[in-house]
Amino acid sequence: MTTFIAMQTRRVFRLGAPYPSSCSDDWTHDKLPSWVNKSALIEDYTPQLCLELCHSDALNKRCAGCVIKGNNISLRAAMDAFTFCSRNLSCAVEWLQSDGNFNCNCPQRCSETVVKYQSSFAAWSTEDRSDRHLVKVSIYFTTVSWEQVTEFPLMSSIAALTLVGGFLNMYVGLTFLSLYEFIEIGVFIYVRLKSKYQVRRGV
């Protein structure tokens, strides 16, 4: 039997806060429970590991589990330890089945490489009995090029400041123009009233 594995590489670059994607490439305090020492982390940040850690921490608080404490703690080891050290397994199963609210903050990475693959199989002819215990694996890329997705801000900071400055300049100009018009109208009314008053006194 021959196994064919077709691969395709895709690189994604996202924008961090304050843009909508709000990606992250490192562990922050709001993603870690209190029993994890951030300076002693072994694993790099990934959304999948962050979700697993969040679920384990929530179950630990909810169902009175236990955790490993140490200077060089491995998140994977801590979660495995919780799995075998849970004091109330029925509580954990019941809460998971009830779709408990974990409130996890695990955004996507700002830069990541995604490898997609598809597998297919082909059976050999049964006539040649000498090859029936052999397996052939063929790994190849579907294309020689790779896809890159990059997020860019719709407007740069300089363009945004220029636009805001233009609007402010326009509004300030309109304000001064309106003020000048009111003053002109006031002066015109004053002059007309004064001239009428002088004409009446002369009469």
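This note's numbering puts the first residue of the sequence shown at 35, with every later residue one more than the last.
Yeah, the Cβ is synthetic: ideal placement off N, Cα and C, and Gly gets one too.
| query | result |
| --- | --- |
| Completely contained beta strand (DSSP E) runs for the region 149-235, where each covers 3 or more residues | 170-175 and 181-184 |
| Nearest-angstrom Cβ-Cβ length linking SER172 and THR36, presumed shorter than 8 Å | 6 Å |
| Bridge partners - SER145, DSSP secondary structure assignment | PHE47 |
| Cβ-based burial, SER191 [other Cβ within 10 Å; buried from 16] | exposed |
| Cα-Cα separation between CYS138 and ASP91, rounded to whole angstroms | 10 Å |
| ALA40 vs THR196 beta-carbon contact at 8 Å | no |
| Minimum C-alpha distance to ARG45 - residue among SER58, SER153 and CYS144 | CYS144 |
| Classification of LEU202 by the beta-carbon crowding that lies within 10 angstroms, buried from 16 upward | exposed |
| Which listed residue (LEU211, THR184 and GLY199) has its alpha carbon closest to that of SER55 | THR184 |
| Backbone CA spacing between PRO81 and CYS140 [nearest angstrom] | 5 Å |
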